[in-house]
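Q: The numbers in my numbering rise by one with no breaks, and the one at position 33 of the sequence shown is 221.
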Amino acid sequence: MEKIYLTEDGIILKKGKPVTDNVLPLLSNTIELDPGFTLASFFAIIDRYKSFKKMSELLETFLTMAKAGKGQFPKTHEIEGLVFYKTIAMKGFPGKPGIQIYNSLKGIKNKRTKALKFFQMESLLEHELILGDLKHIVFGDGQDMFTYETFYTLFEFIEGITWEMSFNFNPLQCSIRG
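1) Could you pull the start and end residues of the alpha helix (DSSP H) that Gly348 belongs to?
2) Taking the alpha carbon of Tyr273 as the reference point, which residue from Lys284, Lys302, Asn210, Met253 has its own alpha carbon closest?
3) DSSP on Gly257, reduced to helix/strand/coil?
4) Given a threshold of 16 other Cβ atoms within 10 Å of its Cβ, counted over all protein chains shown, does Gly348 qualify as buried or as exposed?
5) To the nearest angstrom, how far is the alpha carbon of Gly224 from that of Ile233?
6) Evaluate Phe334 with the Cβ neighbour count: other Cβ atoms within 10 Å of its Cβ, from every protein chain shown; 16 or more gives buried, anything less gives exposed.
7) Using C-beta distances below 6 Å, list every residue in its chain close to Gly320, excluding the 5 sequence neighbours before and after it, in chain order.
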């Protein structure tokens, strides 16, 4: 599959040229992020390529939050950047053996990941976002964790960031109301 490039300005490049037409066929393409790509760059892509908003009801809300917060909140210094990575976790005993595969968006501080649930999304917008290695956790033991080089598709990237943000930044659609 052909690799596409996501620029810090929120442009998708295919064969070195900006994509201007239908982007949905690109969802299965592998991606590479340009140096300087940030969470704000992610939202610039969602804003530029409107069809991506149809992937989740939450994207419009997050985009509105990002636009309203751009430049309004200082960049947090509690993290050095953001990392998007994939995890494969194997479970053996007790119970039925299983495997979970999921994507995560975390902060990075001193080469360690940090949960984002205590940060305001707006304070993360200008942090550089990188693609991390795959983490393989064997039988639930974090001590027996291996890392592997991997690739990400555009679909995984958009869906994974949206999924993670839904747990961390609680737009109205995610809150429990009576």
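Note that CB positions come from ideal geometry on N, CA and C, so glycine has one too.
A: According to the structure data:
1) Looking up residue 348 in the sequence shown gives position 160. Note, Gly348: alpha helix (DSSP H), 342-356.
2) In the sequence shown, the residue the question calls residue 273 occupies position 85. Minimum Cα distance to Tyr273 is reached at Lys302.
3) The residue you call residue 257 lines up with position 69 of the sequence shown. Residue state for Gly257 is assigned as helix, using DSSP reduced to three classes.
4) Mapped onto the sequence shown, residue 348 falls at position 160. Gly348 should be labelled buried.
5) In the sequence shown, the residue the question calls residue 224 occupies position 36. In the sequence shown, the residue the question calls residue 233 occupies position 45. Straight-line Cα distance between these residues: approximately 14 Å.
6) Mapped onto the sequence shown, residue 334 falls at position 146. Exposed: under 16 other Cβ atoms inside 10 Å.
7) By one-based count along the sequence shown, residue 320 stands at place 132. Around Gly320: Val271, Tyr273.
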